[in-house]
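What follows is a set of notes on a single structure, which appears directly below.
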Amino acid sequence: MIYKIFTLAFLVLDLQVGQSQDAQVKARPWHMVNTFSTYADAMPFEILEIDYQLLDDLQSTGNVNSYFIAPMYGEINGIRFYFGFTSKDCPTTRDNKIENIESSCYRFTRFSQSSEQTVQKSKNGYVHAGDHEGEHAGVGIQSANARGLYTLRLESHKHKLNNKEESSLIKIYVFIHNNKTLAHVGNVIFPGYPASISREMGSFIETTQGYDRKNKRWIAPDLEKSDEMPRFRIAVGNLSLDKKQRSAQEITYYYRKDVPQKGNVTLFKKSLEDELNDRLKKHDTLLLEMSNDVKLRREETIVLHQDKESKAQVEAFIFRTKLIKE
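Using this note's numbering, you'd call the opening residue of the sequence shown number 4 and step up by one each time.
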């Protein structure tokens, strides 16, 4: 199969970040890399899987900045969600207060409401809820961040919320190929059944608020010390629904201008073949990478939105790549 690649300018809305009512988490997360893969249409599913491969160990407990990496981002039945993992400290909710788990963690979050009634933690897992990114709630469990292949897996089951509304109970798993372990992250309920994933799915890397363990408080990302960001690469791809592989029609990636330009996205290339698992040697696999080298962007600049606090325009460098089969 041969593909032609075209690159076009494209306007996309940035991930909106709202005000927090909790002073501990007012620090805004900064998206360093954002991607969107566009498919033919929305896709109902019973089992949804996507692979990611860490090409480098993600060990950053000694770094000032921490990361949240989300290989899977989209909407289920019109409700936004993301699924990923942290590089170190992980916030959780206990007795309506934000606490910290001093460990990296897998994390699944759904938006539109912060009620913990819509989430079910797994054994040894936790729940989180809040409003600093808009109303949201989710589940998490401690994660493995070693180099290797991982599969994010969502299983949809029919469910009745409060014995009334028909809904989808999404069971959330991570399969760790290194040791053939299936980790159950928890369950999250979405309105409506069957479950359907949006035609646009994405990935992102963000620098998040760190946790000052000595003073027991959350701190904003230290962009002045961005040279202390850990270097790593992650490949994302091989989407399948009910065991049938799906290929993207278009790939969009963009970088906010108001953060250090130390992230980069590239499509699958032959030079990666020796490092990539066979499951990811596909035309629409994306390589997301962070380094301490500042990138000189040549992409077109567009306005994402107006910042709610400063009223300043938030701009980004952006590329759109269209994949056409021959």
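Cβ coordinates follow ideal geometry from the N, Cα and C atoms, glycine included.
Only a predicted model underlies this, so the values are computations on that prediction, with no experimental measurement involved.
Under DSSP, LYS163 forms a beta bridge with GLU169.
Rounded to the nearest whole angstrom, the CA to CA distance from PRO194 to LYS163 is 9 Å. Listed in chain order, the non-local C-beta contacts of LYS265 below 8 Å within the same chain comprise MET35, SER229, MET232, MET293, SER294, ASN295, ASP296, VAL297, LYS298, local neighbours out to five positions each way being set aside.
The beta-carbon distance between VAL188 and TYR176, rounded to whole angstroms, is 6 Å. This is short enough to meet the 8 Å contact definition. One Cα belongs to GLU253, the other to ILE173, and the distance between them is close to 27 Å.
The three-state reading of DSSP puts ASP281 in helix, counting H, G and I together.
Cα atoms of VAL268 and LEU289: separation of roughly 7 Å, rounded to the nearest angstrom. Taking C-beta separations shorter than 7 Å and ignoring five residues to either side along the sequence, the partners of SER159 in its chain run PHE48, GLU49, SER171, ILE173, PRO197, ALA198, following chain order. In the three-state DSSP reduction, GLU119 falls in the helix class (H, G or I). The beta carbon of ARG97 sits closer than 6 Å to none of the beta carbons in its chain outside the five residues before and after it. Collapsing the DSSP output to three states places LYS174 in a strand.
Within the DSSP secondary-structure output, ARG249 pairs in no beta bridge. Taking all protein chains shown into account, ASN37 has 16 or more neighbouring C-beta atoms within 10 Å of its C-beta and is therefore buried. Under the 10 Å beta carbon count, ASP92 is surrounded by 16 or more other beta carbons and is classified as buried.
For ASP296, there is no enclosing beta strand (DSSP E), as DSSP gives it neither H nor E. Each of VAL142, ASN148, ALA132 was checked against the Cα of ASN182, and the nearest Cα belongs to ASN148. Look at SER125 here: in three-state DSSP terms it is coil, with no helix or strand label. Taken through DSSP and simplified to helix, strand or coil, SER274 comes out as helix. Assigned with DSSP and collapsed to three states, ALA315 falls in coil, not helix or strand.
If you draw a straight line from the Cα of PHE88 to the Cα of ILE72, it comes to about 5 Å. Excluding its 5 nearest sequence neighbours in each direction, ALA132 has C-beta neighbours in its own chain below 6 Å: THR96, SER117, GLU119, ALA140, listed in chain order.
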